[in-house]
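**Q** Can you keep this structure in mind? I'll have questions shortly.
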Amino acid sequence: MSNEIDALDALNKMCSDTLMEHLGIIYTEVGQNYLVAEMPVTSKHWQPMRILHGGATLALAESVGSALSVIKTDMEQYDVKGMEINANHIRSIKTGTITAKAHFIHKGSLTHIVEVNILNEQGKLISVCRITNVILKK
Numbered sequence: 009m010s011n012e013i014d015a016l017d018a019l020n021k022m023c024s025d026t027l028m029e030h031l032g033i034i035y036t037e038v039g040q041n042y043l044v045a046e047m048p049v050t051s052k053h054w055q056p057m058r059i060l061h062g063g064a065t066l067a068l069a070e071s072v073g074s075a076l077s078v079i080k081t082d083m084e085q086y087d088v089k090g091m092e093i094n095a096n097h098i099r100s101i102k103t104g105t106i107t108a109k110a111h112f113i114h115k116g117s118l119t120h121i122v123e124v125n126i127l128n129e130q131g132k133l134i135s136v137c138r139i140t141n142v143i144l145k146k
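In our numbering, each residue's number is its place in the sequence shown (first place is 1) plus 8.
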């Protein structure tokens, strides 16, 4: 349990003065093969139609999907780099808090494929994203 709290503290501290801090992304839960983060949805996150911008959604997905690979990789020996991301936006949201849960679909020695499900406060699916991270020997 303390390793999980340490991982969350480390991730949240790393976000100081970054896009994640600007968007209000906070890591909230970590497990053996998953990571969870939350992001508020305010006018700062809107596109001109006054709904959540798909780019903000992808920033959340990338932040949680890449971080999952980072905390599950020996970063003294390897680097983690994002290689590809895609999303299917299922419903829109104007305000509230969204939750992103990333879990491994594939955790190989050279690549990780991570699925990120983004939910609204009622537990309804907002977006489904898939991220491919490459694991590079330093």
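Where a beta carbon is used, it is the ideal one built from N, C-alpha and C, also for glycine.
Check whether the Cβ atoms of VAL136 and ILE101 lie closer than 8 Å to each other.
**A** For VAL136 and ILE101, no; Cβs fall outside 8 Å.
**Q** Under a three-way DSSP split, which group does ILE102 fall into?
**A** The residue you asked about is not Ile; residue 102 is Lys in the sequence shown. Here LYS102 sits in coil by DSSP.
**Q** Which residue or residues does DSSP assign as beta-bridge partners of ASP87?
**A** DSSP, once it has assigned bridges, lists LEU144 as partnering ASP87.
**Q** Ignoring anything shorter than 3 residues or poking outside the segment 11 to 77, list the beta strand (DSSP E) runs there in chain order.
**A** DSSP runs (the beta strand (DSSP E)) wholly in the segment 11 to 77: 34 to 38 and 42 to 49.
**Q** Rounded to whole angstroms, what is the Cα-Cα separation between MET47 and THR81?
**A** Their backbone Cα atoms lie some 25 Å apart in a straight line.
**Q** Whole-angstrom Cβ separation of ALA1 and ALA67, contact assumed at under 8 Å?
**A** In the structure as shown, the chain begins at 9 and stops at 146. Residue 1 is therefore absent and cannot be evaluated.
**Q** Of all the options THR65, GLU12, CYS23 and GLY104, which has the alpha carbon lying nearest to the alpha carbon of GLY39?
**A** Per the Cα distances, GLU12.
**Q** Pull up the distance between the alpha-carbon of ASN125 and that of LYS146, whole angstroms please.
**A** About 31 Å.
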